[in-house]
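Data block below; observations after.
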Amino acid sequence: MLHLKGKEYLVTGVANETSICWGITKLLRDCGAGVTLLSHPLMKKRVSPLADSVSITDLLWCDFGNQDEVSGVFGQLLQKQNGFDGIVHGIAFSDRKE
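Structure follows, in C-alpha coordinates:
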(Lines of atoms letter the chains of each structure in order from A and count residues from 1; the text may use other names and numbers.)
(Lines give C-alpha, C1' and ligand atoms only; values in the text may rest on other atoms or scores of the structure.)
Protein backbone atom coordinates (compact mmCIF):
# COMPACT_ATOMS: atom_id res chain seq x y z
CA MET A 1 0.00 0.00 0.00
CA LEU A 2 1.20 3.50 -0.81
CA HIS A 3 1.86 5.88 2.05
CA LEU A 4 0.59 9.31 1.06
CA LYS A 5 0.18 10.95 4.45
CA GLY A 6 0.89 14.66 4.11
CA LYS A 7 0.22 14.67 0.37
CA GLU A 8 -2.64 16.66 -1.15
CA TYR A 9 -4.56 15.83 -4.32
CA LEU A 10 -7.22 17.55 -6.38
CA VAL A 11 -9.77 15.19 -7.93
CA THR A 12 -12.17 16.61 -10.51
CA GLY A 13 -15.28 15.13 -12.03
CA VAL A 14 -16.65 12.74 -9.38
CA ALA A 15 -20.28 12.20 -10.38
CA ASN A 16 -21.39 9.22 -8.30
CA GLU A 17 -20.19 6.08 -6.50
CA THR A 18 -19.42 4.30 -9.79
CA SER A 19 -17.15 7.06 -11.14
CA ILE A 20 -13.57 6.04 -11.79
CA CYS A 21 -12.60 9.28 -10.04
CA TRP A 22 -14.50 8.15 -6.96
CA GLY A 23 -12.50 4.92 -6.90
CA ILE A 24 -9.29 6.94 -7.14
CA THR A 25 -10.51 9.25 -4.37
CA LYS A 26 -11.17 6.32 -2.03
CA LEU A 27 -7.75 4.84 -2.77
CA LEU A 28 -6.03 8.19 -2.09
CA ARG A 29 -7.87 8.51 1.22
CA ASP A 30 -7.06 4.88 2.15
CA CYS A 31 -3.39 5.73 1.58
CA GLY A 32 -3.61 8.74 3.89
CA ALA A 33 -3.74 11.56 1.34
CA GLY A 34 -5.77 14.71 1.69
CA VAL A 35 -8.23 15.25 -1.15
CA THR A 36 -10.05 18.27 -2.48
CA LEU A 37 -13.00 17.41 -4.71
CA LEU A 38 -14.12 19.64 -7.57
CA SER A 39 -17.39 18.74 -9.22
CA HIS A 40 -20.38 20.21 -11.01
CA PRO A 41 -23.09 21.73 -8.75
CA LEU A 42 -25.68 19.36 -10.24
CA MET A 43 -23.76 16.52 -8.55
CA LYS A 44 -24.02 17.94 -4.98
CA LYS A 45 -26.73 15.51 -3.83
CA ARG A 46 -24.61 12.55 -4.93
CA VAL A 47 -21.09 13.76 -4.22
CA SER A 48 -21.55 15.41 -0.79
CA PRO A 49 -22.52 12.14 0.96
CA LEU A 50 -19.63 10.34 -0.74
CA ALA A 51 -17.21 13.00 0.51
CA ASP A 52 -18.66 12.70 4.01
CA SER A 53 -18.17 8.93 3.91
CA VAL A 54 -14.38 9.35 3.62
CA SER A 55 -14.11 12.54 5.72
CA ILE A 56 -13.44 14.97 2.88
CA THR A 57 -14.35 18.51 3.81
CA ASP A 58 -12.76 20.35 0.89
CA LEU A 59 -15.47 20.37 -1.77
CA LEU A 60 -15.68 22.92 -4.54
CA TRP A 61 -18.46 23.28 -7.08
CA CYS A 62 -18.14 24.67 -10.58
CA ASP A 63 -20.25 24.80 -13.72
CA PHE A 64 -17.38 23.97 -16.07
CA GLY A 65 -19.29 25.49 -18.99
CA ASN A 66 -19.23 28.92 -17.32
CA GLN A 67 -15.85 30.62 -17.79
CA ASP A 68 -16.42 33.03 -14.88
CA GLU A 69 -17.03 30.10 -12.51
CA VAL A 70 -13.98 28.26 -13.83
CA SER A 71 -11.79 31.34 -13.31
CA GLY A 72 -13.20 31.83 -9.81
CA VAL A 73 -12.72 28.27 -8.64
CA PHE A 74 -9.20 28.06 -10.02
CA GLY A 75 -8.45 31.33 -8.26
CA GLN A 76 -9.52 29.62 -5.03
CA LEU A 77 -7.38 26.58 -5.81
CA LEU A 78 -4.31 28.71 -6.48
CA GLN A 79 -4.66 30.22 -3.01
CA LYS A 80 -4.43 26.81 -1.35
CA GLN A 81 -1.47 27.24 0.96
CA ASN A 82 0.69 24.26 -0.03
CA GLY A 83 -0.71 23.52 -3.47
CA PHE A 84 -1.27 19.97 -4.67
CA ASP A 85 1.00 16.99 -5.08
CA GLY A 86 -1.17 15.63 -7.88
CA ILE A 87 -4.31 16.24 -9.90
CA VAL A 88 -6.79 13.73 -11.26
CA HIS A 89 -8.71 15.19 -14.22
CA GLY A 90 -11.99 13.38 -14.67
CA ILE A 91 -14.28 16.11 -15.96
CA ALA A 92 -16.37 14.70 -18.78
CA PHE A 93 -19.75 15.12 -20.36
CA SER A 94 -22.09 12.78 -22.13
CA ASP A 95 -25.72 12.84 -23.03
CA ARG A 96 -27.85 11.02 -20.45
CA LYS A 97 -29.03 8.66 -23.21
CA GLU A 98 -25.44 7.48 -23.67
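Here the sequence shown is numbered in this note's numbering, starting from 83 and rising by one per residue. No residue lacks a Cβ here, since even glycine has one placed at the ideal position from N, Cα and C.
Pairing Glu151 with Gly116 gives a Cβ-Cβ distance that is not under 8 Å. Within the region 108–153, the beta strand (DSSP E) runs of at least 3 residues that lie entirely inside it are, in chain order, 116–121 and 140–143. Taking a C-beta distance under 8 Å as the contact criterion, Ile173 and Phe146 qualify as a contact pair.
Burial check for His171: the Cβ neighbour count within 10 Å stays below 16, so the residue is exposed.
Between the beta-carbon of Leu119 and that of Val96 there is about 6 Å, and that keeps the pair under the 8 Å contact cut. For Ile106, same chain residues with a beta-carbon under 7 Å away, outside a window of 5 residues either side, are Val93 and Val170 in chain order.
In the three-state reduction of the DSSP assignment, Ile173 falls in the coil class, being assigned neither a helical nor a strand state.
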